[in-house]
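These notes are about the structure you will find just below.
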Amino acid sequence: MKVKAIRTNCRTGVEREVEIEIIRRKYPGLDGWWYSIVKGGVTGFESCRCEFFDRDMRWWACIGAKDRWDKLFVPPESLLRIKMMNYSLVTESEEFTEKKGMINIYACGCGRVVVYGYEDNGVTPNIIICDQCGGEAFSQFEQVTQPSRIWYRPSSLEELEKIAEAAWAAGADTIYCNEDKAKMIGSIFSNYVEHYNNGGLFARMV
Ligand SMILES: [Zn+2]
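Given below as structure tokens:
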């Protein structure tokens, strides 16, 4: 792997950008993996143990002959590219859950619902942090394939009346709280008829 570095000339103090080539290798008789500068160095033996390097992400290599050391500074963006030599990405695994093409929703107690589609197979959390209240939003896979509520059109005025009565009992329309029961249900009922005639749907549990 070739990366950019900055070399400081030991005699003139002049800095210039150089390209160094680094490999990941083992040395006979030594443990572990090492990074080694194979091009762009001077002595040809500038090396660093991978484990030290990965912990520090710093590399000041001294290159040159005795009493004449050039300094080689490897900037962070180059260090990151060097570190990448240790890793590879798994493209597909039998460990991955088959989810491609599915839809999942995360529902929070605050009412926030977020729908996720799956572009790939993989593993996803059962709980995510709600982006509205910071609480926990739970995965609701089963509700996607098997809804718990249905939007529908009631079949008669009588049914609308029953729905209005249930809404009153549930305290859904608190703006009527100071009226008597029959008047309140009547008001809710007429609102529901208007809603219905404007194409509005009603929700019920499955
Ligand atoms: Zn929430």
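In our numbering, the protein residues as written are 84 to 289. Each residue gets a CB set at the ideal place from its N, CA and C atoms; glycine is no exception.
Between the alpha carbons of residue i and residue j, how many angstroms are there, rounded?
i	j	result
A250	F224	29 Å
C191	A220	4 Å
C133	Y170	12 Å
F136	E160	14 Å
N92	V101	12 Å
K109	S176	29 Å
S130	P208	41 Å
Y199	Y189	8 Å
L163	I186	36 Å
G112	I120	19 Å
V181	V173	First, the residue type needs correcting, since residue 181 is Glu and not Val in the sequence shown. In a straight line, the C-alpha of E181 is about 16 Å away from that of V173.
G294	A247	Residue 294 lies beyond the range of the chain shown here (84 to 289); nothing can be said about it.
V197	C216	13 Å
F156	F179	41 Å
V276	G282	10 Å
D203	I210	19 Å
K122	G194	60 Å
A88	G96	15 Å
Y118	P158	15 Å
R94	W152	9 Å
L243	G254	16 Å
N280	K264	24 Å
H278	Y201	36 Å
What are the start and end residues of the beta strand (DSSP E) that includes residue i?
i	result
N187	186-191
G200	196-200
L155	151-156
E98	98-108
W116	Premise fails: W116 is in no beta strand (DSSP E) and is neither H nor E.
R132	130-132
S171	First-last for S171: undefined, no H or E at that position.
V86	85-91
R287	285-288
Using a threshold of 6 Å, is the CB atom of residue i nearer than that to any non-hydrogen atom of ligand 1?
i	result
R195	yes
N215	Per the sequence shown, residue 215 should be read as Gln rather than Asn. Checking every heavy atom of ligand 1 against the Cβ of Q215, one is found closer than 6 Å.
G218	yes
C131	no
Specify, as a first and last residue, the run of the alpha helix (DSSP H) that residue i falls within.
i	result
Y57	This structure cannot speak to residue 57, because the chain is shown only from 84 to 289.
K245	240-252
E177	Neither: E177 is in no alpha helix (DSSP H) and is coded neither H nor E.
E160	159-166
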